[in-house]
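To keep things clear, I will list the structure first and then write my remarks on it.
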Amino acid sequence: PQEQDEPTALTEGDQDVKTIPKDYFLLKTQRINTERRDNDDDWIRLRKETGDVIDGLLKGAMVVEAQRINICMYTTGGEQVVNNFSEIGKAWKYDGSTETASKVNRALNGQFAEKKGYEYDIEKKVMQQIKVQYPHDAMGKGCIAMMVVRRKSELAKTTNKRSTKTHEGRIITKRTTIETKDEGQRKPKVKESFKVINNKKSQWYDKDGCEYTGDTKKKYTKCVSENDFLLTKIAELEKKIETQRKVQSTDAKKWGKEAVDLTNQLIEADVLIADGVIGQSENHPQKKVITIKGPKKMRAPQRLQLKNLNAKKRTTAKKKQIEDDPEDAPLNEYLKGCQKKQKRNKDKMESLGLVNVSKKQRKIANKKCTFDHKDYLSYYKEDDRRYCKEGNDLHKVKCAQCRFTFQETEGLKAIIITVANSAYTCPGRNKCKCKHALCSNCYKRKLIVDDPTDRRRSRRNR
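Heads up, the sequence shown stops at 1041 in the numbering used here, and the numbers go up one at a time, no gaps.
Set out below in structure tokens:
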């Protein structure tokens, strides 16, 4: 038969949970249970897993608290908030002031002193991860909780040892034997108080870094948590959210009242339209206006909908009539006058022999040239003088440089286009109706001046 203290395996769903006694790892005297270690094959594995999980949870809580109270570490780039447990030790190593001592004490000891039974909370988390449980009828403190307390004190000792080569300061929370004899065993120190011991002095402090008073009812005006810049930002954001919620609630109330008023007005209009269509008699009772308590989905009155439908039908019928026979369509006096003026203008243009320019041609004429007038290599060569006649592109066009006009015959300040003396026009001549042109002499000068490869050689006297 199996003993009560021996571990057993239970199944909860698909997970196997192992039941162990409360002295499985450690005895009540804080010593290792050698019998379980020698007889149980899973003891070493479970001990290692529990140690790793406890170490991770404690270090994580310490780092979070250190970041909350803004413990900084000095580096080559300046101050930097700690990111892991080793950086807390570095911050204490290079700065032994009372402020850093109070912050380090808060991260290592103070937060756990505030939470009574913190070791039991961590014990539950560890047992869930390792899949271990105690028997229901077991009494007393469990071995995992004792391991948590022991590991916390070990982590505090490691941080104190980091300062042995710098300021040699240590943070202590317990009294010495001499102090207990002088002060008495029944007069312990206030929670979260600490003592800093170094070569120069050894003094007790309150949790805010001031000298120790022993007053349990003391109100700490300058608490460590007030220096946290993260909490201040969170508080500011929460205030903004509260104000936004208040504004939104007031706006919602206003919109609800406006919606109620609009619905009542629509119902009144519906009643008036119905009375005008049907004809209210003397014996006909007046309809009451219905009030709505809260904002609801508004429906358009049926009478208004019928009226709008009839109006749409009339407009569609008129459009069809105009499309079928536009000459017989009814016109206003203003439209009739416009048609008469258009006919008069057409007759005058035809009598004068002018051609009406279309809208497309106007757009092309008003369109600006998009080509670069400094890129002379892209210009087109033109040697036909017939384009200088009236009605053609180069009629009365001047050279952009010398301002001489291109002509078919000789004259003052005239340039006759030939094969030897040709003109060079912009490539936007056809698309944009551009009239930028150059004569052959000006074109050659521009090419010589703007050519970047044409550089004079420097001569040096030797």
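Every residue gets a Cβ at the ideal spot worked out from N, C-alpha and C, and that includes glycine.
How many angstroms separate the CA atom of Met877 from the CA atom of Ile846? Low local confidence applies: a pLDDT of 46 at Met877 is under 50, so the model's placement there is unreliable, and no value is given.
For Glu912 and Lys968, the rounded distance between their alpha carbons: Their Cα atoms are separated by approximately 47 Å.
Give a yes or no on contact between the stretch 618-626 and the stretch 636-646, applying the rule of three or more CB pairs nearer than 8 Å. no
To the nearest whole angstrom, what separates the beta carbons of Ile996 and Phe983, a pair I think is in contact under 8 Å? Taking a contact as a CB-CB distance under 8 Å, the pair Ile996 and Phe983 does not count as one, their CB atoms being some 11 Å apart.
Does DSSP classify Ile871 as helix, strand or coil? Any answer about Ile871 is weak, because its pLDDT of 43 lies below 50 and its placement is not dependable; what the coordinates show is given next. The answer is coil: DSSP assigns Ile871 none of H, G, I, E or B.
How about Val727 and Ile599: do their beta carbons lie closer than 8 Å? no
Let's test the definition: count the other Cβ atoms within 10 Å of the Cβ of Trp834 and tell me whether it reaches 16, buried, or not, exposed. exposed
In whole angstroms, what separates the C-alpha of Lys786 from that of Asp595? Taking the straight line joining both Cα atoms gives about 45 Å.
Check for me: the beta strand (DSSP E) holding Ser781 runs from which residue to which? 781-784
If I'm right that Ile667 touches Ala692 with Cβ under 8 Å, what's the distance once you round it to whole angstroms? Not confirmed; about 17 Å, so no contact.
How about Asn684 and Ile750: do their beta carbons lie closer than 8 Å? yes
Would you mind working out which of Ala724, Gln980, Tyr1003 sits nearest Asp700, comparing C-alpha positions? Ala724
Since Ser1001 and Lys975 are thought to touch, with beta carbons under 8 Å apart, how far apart are those beta carbons, to the nearest angstrom? Between Lys975 and Ser1001 the Cβ distance is about 18 Å, and since that is not below 8 Å, they are no contact.
Which partner residues of Gln659 appear in the DSSP bridge assignment? Met652
Where does the unbroken alpha helix (DSSP H) through Lys672 begin, and where does it stop? 664-673
Which same chain residues end up closer than 8 Å to Asp674 when comparing Cβ atoms and leaving out the 5 residues on each side of it in sequence? Tyr653
Burial state of Ala1016 (16 or more Cβ within 10 Å): buried
Range covered by the beta strand (DSSP E) that runs through Gln986: 984-986
Quick check for students: name the residue ranges of the beta strand (DSSP E) that lie wholly in the stretch 965-1002, counting only runs of 3 or more. 984-986, 993-995
Select from Lys796, Val769, Thr795 the residue whose C-alpha is nearest the C-alpha of Trp783. Val769
According to DSSP, residues forming a beta bridge with Ile750: Its beta-bridge partners are Val775.
Locate the alpha helix (DSSP H) running through Tyr699, then write down its first and last residues. 697-709
For Ala1016, list the residues DSSP reports as bridge partners. Cys978, Thr1004
If you run the structure through DSSP and keep just helix, strand and coil, what is Lys770? coil
Quick one: Cα of Ser665 to Cα of Lys740, how far? 12 Å
Strictly by DSSP, which residues pair up with Tyr959? Thr1004
Please classify Ala686: is it buried, with 16 or more other beta-carbons within 10 angstroms of its beta-carbon, or exposed? buried
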